[in-house]
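Quick note, the sequences are listed as chains A and B, same order. Just so we're aligned: the first sequence equals residues 1 to 145 in our numbering. Just so we're aligned: the second sequence equals residues 1001 to 1145 in our numbering. Where is the CB? At the ideal position from N, CA and C, for every residue including glycine. One structure below.
2 protein chains.
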Amino acid sequence: MKVKEIATAADVNPDTVRFYTREGLLQPTRNPDNNYQQYDADDLRRLRFARKARQLGFSLPEIRQILEQADDHHSPCPMVRDVFQQRLAEVEREIAELQKLRARMVSALSTWQDMPDGTPDGHTICRLIEHWDTPSSTSCCEESE
Amino acid sequence: MKVKEIATAADVNPDTVRFYTREGLLQPTRNPDNNYQQYDADDLRRLRFARKARQLGFSLPEIRQILEQADDHHSPCPMVRDVFQQRLAEVEREIAELQKLRARMVSALSTWQDMPDGTPDGHTICRLIEHWDTPSSTSCCEESE
DNA sequence: TAAAACCTGTGACCAACTCACAGGTCAAAG
DNA sequence: CTTTGACCTGTGAGTTGGTCACAGGTTTTA
């Protein structure tokens, strides 16, 4: 299979196929006649796998690791389970953070309902924002990993 | 004020100050003696404003627009209200999407509980992922709350 | 035989910073 | 007076997962 063919088969952008190839997730051979990449059924399997894993929240380095384990005939499943738990926790943190943001926004909106639009006077820019209480519950500032 | 001073006053990274300056959100003058940037009270006001706006979900281009309107003595508040509504809607879309992802993940996890870890056999990589049903994106996942 | 469709590698771009680097400036301490 | 250390400067790279552009080579189709 050539790039376009495998891309069509997996329903992805051909550039994504090239990108994954550059990143080492796919290891096609070369057609010595024209230097074209030659993908086989295994590559297609890997590509589809990668896409599913992406939808489940795995990063490319994680997917590469999984594929390498499988190449070594080690079951990647325990690692998949493990990484997956962490990704789930991360997604839940992201959701919580976005909900905090949403709460800030909704609260700001309701405050703004009663506020007139001011004209900038050299002291304020837009009091809607300036007079908005920044969330003192800065519980969110542990952002490692 | 020099970079470090205004950065400390607004509680941001000095590099962020330099970045915002490059991006045109701050327009300090120059000390002709040493070519250092010189920020004044107005810059500090703008910087604090920008940080609050960022926390409320505004993008840098949006903030720049708001600041420019204010510089022209037009009230940016109507625009702020307007952009804000759109950002809120966007945040809500993001939350919904993450919750869909989370639902996919939780469902996958529960399916996986009963599945044994397989060893890659040249046909499958990790059946946990391969045998997971791809959500047809828009159709499924009706979830309240 | 020529156009269309595909291939190649390389590199830029997105957002909003953050960090690294090399070299210039300045205040205080030795 | 000199050194040290903190700060300044501009520039460029890294983050994430692709996507797009470009210039030139190849294959297929009409």
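> Are the C-beta of A/Met1 and some C-beta of chain B separated by less than 9 Å?
Replying inline: The residue labelled residue 1 of chain A in the question sits at position 1 within the first sequence. Closer than 9 Å: no.
> Going along the region 1041-1071 of chain B in order, which residues come within less than 9 Å of chain A, judged by CB to CB distance?
Replying inline: Asp1042, Arg1045, Arg1046, Arg1048, Phe1049, Arg1051, Lys1052, Ala1053, Gln1055, Leu1056, Gly1057, Phe1058, Ile1066, Leu1067, Gln1069, Ala1070, Asp1071
> Using the beta-carbon of each residue, which ones in chain B are nearer than 9 Å to A/Arg81?
Replying inline: Position 81 of the first sequence, counting from 1, holds the residue named residue 81 of chain A. Chain B residues near A/Arg81: Leu1109, Trp1112, Asp1117, Leu1128.
> So, B/Leu1025 versus B/Leu1067, is the Cβ gap smaller than 9 Å?
Replying inline: Here residue 1025 of chain B is taken as the residue at index 25 of the second sequence, counted from 1. Here residue 1067 of chain B is taken as the residue at index 67 of the second sequence, counted from 1. Yes, Cβ-Cβ distance for B/Leu1025 and B/Leu1067 is below 9 Å.
> Taking the Cβ atom as the reference point for each residue, do B/Leu1047 and B/Ala1010 lie within a distance shorter than 9 Å?
Replying inline: Here residue 1047 of chain B is taken as the residue at index 47 of the second sequence, counted from 1. Here residue 1010 of chain B is taken as the residue at index 10 of the second sequence, counted from 1. Yes, they are a contact pair.
> For B/Phe1049 versus B/Phe1084, is the C-beta spacing smaller than 9 Å?
Replying inline: Position 49 of the second sequence, counted from the first residue, corresponds to residue 1049 of chain B. Position 84 of the second sequence, counted from the first residue, corresponds to residue 1084 of chain B. Not in contact: B/Phe1049 and B/Phe1084 (Cβ atoms no closer than 9 Å).
> Helix, strand or coil: which one does DSSP assign to B/Thr1124?
Replying inline: In the second sequence, the residue the question calls residue 1124 of chain B occupies position 124. The answer is coil: DSSP assigns B/Thr1124 none of H, G, I, E or B.
> Using a Cβ-Cβ cut-off of 8 Å (strictly less than) and excluding sequence neighbours within five positions of A/Pro28, which residues of its own chain qualify?
Replying inline: Counted from its first residue, the first sequence places residue 28 of chain A at position 28. So the qualifying residues of the chain are Thr21, Gln37, Gln38, Tyr39, Asp40, Asp43.
> For the alpha helix (DSSP H) that contains A/Phe84, what are its first and last residues?
Replying inline: Position 84 of the first sequence, counting from 1, holds the residue named residue 84 of chain A. Run containing A/Phe84: 77-112, per the alpha helix (DSSP H) assignment.
> Alpha carbon to alpha carbon, how far is A/Glu5 from A/Leu98?
Replying inline: Within the first sequence, residue 5 of chain A is the residue found at index 5, counting from 1. Within the first sequence, residue 98 of chain A is the residue found at index 98, counting from 1. Each residue's alpha carbon lies about 39 Å from the other.
> Going by Cα to Cα distance, which pick from B/Met1115, B/Asn1034, B/Val1012 is closest to A/Ser75?
Replying inline: Within the first sequence, the letter at position 75 stands for residue 75 of chain A. Considering only alpha carbons, the answer is B/Met1115.
> Any idea if B/Gln1069 is buried or exposed, counting beta-carbon neighbours within 10 angstroms, 16 or more meaning buried?
Replying inline: The residue labelled residue 1069 of chain B in the question sits at position 69 within the second sequence. B/Gln1069 should be labelled buried.
>> Given a cut-off of 9 Å on the beta-carbon distance, is the pair A/Ile95 and B/Arg1104 in contact?
In response: Position 95 of the first sequence, counting from 1, holds the residue named residue 95 of chain A. Position 104 of the second sequence, counting from 1, holds the residue named residue 1104 of chain B. It is not a contact, given that the beta carbons lie outside the stated cut-off.
>> Is there a Cβ of chain A sitting closer than 9 Å to that of B/Cys1141, yes or no?
In response: Looking up residue 1141 of chain B in the second sequence gives position 141. Only weak support is given to the placement of B/Cys1141: the predicted model assigns it a pLDDT of 29, under 50, and the value that follows is read from those uncertain coordinates. So no, B/Cys1141 is outside the interface.
>> Whole angstroms are fine: how far does the CA of A/Glu62 sit from the CA of B/Leu1109?
In response: Start at 1 with the first residue of the second sequence, and residue 1109 of chain B comes out as number 109. Start at 1 with the first residue of the first sequence, and residue 62 of chain A comes out as number 62. So the alpha carbons of these two residues sit roughly 17 Å apart.
>> Taking the beta carbon of B/Val1106 as the centre, do at least 16 other beta carbons fall within 10 Å, making it buried, or is it exposed?
In response: Walking along the second sequence from the start, residue 1106 of chain B turns up at place 106. Result: exposed.
>> Going by DSSP, what residue range makes up the alpha helix (DSSP H) through A/Pro32?
In response: For the purposes of this step, residue 32 of chain A is taken as the residue at position 32 of the first sequence. Run containing A/Pro32: none; DSSP gives neither H nor E here.
> Going by the beta-carbon positions, is the gap between B/Trp1132 and A/Arg81 smaller than 9 Å?
Replying inline: The residue labelled residue 1132 of chain B in the question sits at position 132 within the second sequence. The residue labelled residue 81 of chain A in the question sits at position 81 within the first sequence. No.
> B/Val1012 and B/Arg1045: beta carbons closer than 9 Å?
Replying inline: Within the second sequence, residue 1012 of chain B is the residue found at index 12, counting from 1. Within the second sequence, residue 1045 of chain B is the residue found at index 45, counting from 1. Result no, Cβ atoms of B/Val1012 and B/Arg1045 do not sit closer than 9 Å.
> Whose Cβ in chain A lies nearer than 7 Å to the Cβ of B/Ile1095?
Replying inline: In the second sequence, residue 1095 of chain B corresponds to position 95, counting from 1. Going along chain A in sequence order, the residues near B/Ile1095 (Cβ under 7 Å) are Ile95, Leu98, Gln99, Arg102.
> In the structure shown, what three-state DSSP assignment does B/Pro1116 receive?
Replying inline: Position 116 of the second sequence, counted from the first residue, corresponds to residue 1116 of chain B. Coil.
> In whole angstroms, what is the alpha-carbon distance linking A/Pro14 and A/Glu23?
Replying inline: Here residue 14 of chain A is taken as the residue at index 14 of the first sequence, counted from 1. Here residue 23 of chain A is taken as the residue at index 23 of the first sequence, counted from 1. Cα to Cα, A/Pro14 sits roughly 14 Å from A/Glu23.
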